[in-house]
Amino acid sequence: MKSSIMQLTKPFTINPVVGLLAGSLWIAGSALTALGADVFVVDTSRSQVSISGSVAGSPIREQGPGSLTTHYGGTLLAEVSSDTIQFPGQSQVVAVNSGSWQPLADGSDGSEPANYGGTATAFLTTGVAAVREARVDVTSGALAISDGRFDTQGLTFTIPSGASTSLSYRLRGANNSSGVYALAGESATGQEGQANLTTVGDEQVLTIPIHYTFYYSLVAQNDTTVTLRGQLVATRSLAAPIPTWLVTPQGQDGPNQNR
Numbered sequence: 003m004k005s006s007i008m009q010l011t012k013p014f015t016i017n018p019v020v021g022l023l024a025g026s027l028w029i030a031g032s033a034l035t036a037l038g039a040d041v042f043v044v045d046t047s048r049s050q051v052s053i054s055g056s057v058a059g060s061p062i063r064e065q066g067p068g069s070l071t072t073h074y075g076g077t078l079l080a081e082v083s084s085d086t087i088q089f090p091g092q093s094q095v096v097a098v099n100s101g102s103w104q105p106l107a108d109g110s111d112g113s114e115p116a117n118y119g120g121t122a123t124a125f126l127t128t129g130v131a132a133v134r135e136a137r138v139d140v141t142s143g144a145l146a147i148s149d150g151r152f153d154t155q156g157l158t159f160t161i162p163s164g165a166s167t168s169l170s171y172r173l174r175g176a177n178n179s180s181g182v183y184a185l186a187g188e189s190a191t192g193q194e195g196q197a198n199l200t201t202v203g204d205e206q207v208l209t210i211p212i213h214y215t216f217y218y219s220l221v222a223q224n225d226t227t228v229t230l231r232g233q234l235v236a237t238r239s240l241a242a243p244i245p246t247w248l249v250t251p252q253g254q255d256g257p258n259q260n261r
């Protein structure tokens, strides 16, 4: 599976560490209607995404064990037919906190819960950065399903305009500064790969691989990279609803299908 390679042009160039974790901008939201969509529950135990990369040639490192990997939960909405799948929007895939990482949400000294936390050293400056309140929506047109597989290139991940997803950073050394970037409105698409939609018993399992590489130009052209790698796994039950009985106004029992 090939990653989607993207060069971002937003003004992250003022600080080397700002590119540190900004690759998480695949996090999403959408205002598209999702009426009639099937609801897949994201399996937190099997859904995780890790961050790796380098800042001006210096590797991105963990602030502590597991700080560059987190799990995801929530729901994925999809319209599934016999030979196509479409993601209409309004999914709510939410990152869990992997620990307490630096800096605080406003960029000041200290640690507090965050989805991701990383550190890097470049040009006599050491920086820390943290991503918080990441949540994911997935949208697409109708994608053909063949032998339980479909192409991921048509999937788009977008941070909604009203999302509170943020990247806070703090630099110390030759360069001393701190701040926070709102990641709302960012999107990523074009990943080349294959997702799976399988049925096991009365359960349908949706598996979407994640592999995106983002390029930033901090000092030289494309000298900084951030790679996201992992998967989202979500399931829905295909079991028929169990009927219950209601008492009608005439005192007669009547069937009611709980959905």
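Those letters in the sequence shown? Residues 3 to 261, per this note's numbering, in order. The beta-carbon is built from N, C-alpha and C at its ideal position, and this holds for glycine as well. Computed from a prediction, not measured in an experiment: that's the story for all the values here.
Linking A132 to S93 through their CA atoms gives a straight-line distance of about 24 angstroms. DSSP places V57 inside the beta strand (DSSP E), whose first and last residues are 50–57. Taking C-beta separations shorter than 7 angstroms and ignoring five residues to either side along the sequence, the partners of T209 in its chain run A197, N198, Q233, V235, following chain order. For G192 and L185, the gap between their C-alpha atoms comes out near 19 angstroms. Sequence-distant partners of L126 (beyond 5 residues in either direction) whose C-beta falls short of 6 angstroms from its own C-beta, in its chain, are G175, A176.
In this structure, A190 keeps its C-beta atom at 8 angstroms or more from the C-beta atom of A124. In this structure, V43 sits away from T226, with a CB-CB distance that is not shorter than 8 angstroms.
Using a 10 angstroms sphere on the CB of E188, the tally of other CB atoms reaches 16 or more, which defines it as buried. Between the alpha carbons of A97 and D149 lies a distance of about 30 angstroms. Separation of I87 and D40 (C-alpha to C-alpha, rounded to the nearest whole angstrom) is 10 angstroms. Secondary structure of E114 (DSSP, three-state): strand. The beta-carbon distance between L145 and G156, rounded to whole angstroms, is 5 angstroms. This is short enough to meet the 8 angstroms contact definition.
Here Q206 carries a strand assignment [DSSP, helix/strand/coil]. DSSP, read as helix, strand or coil, puts A124 in strand. Contact between S166 and E135 holds, since their C-beta atoms are separated by about 5 angstroms, short of 8 angstroms.
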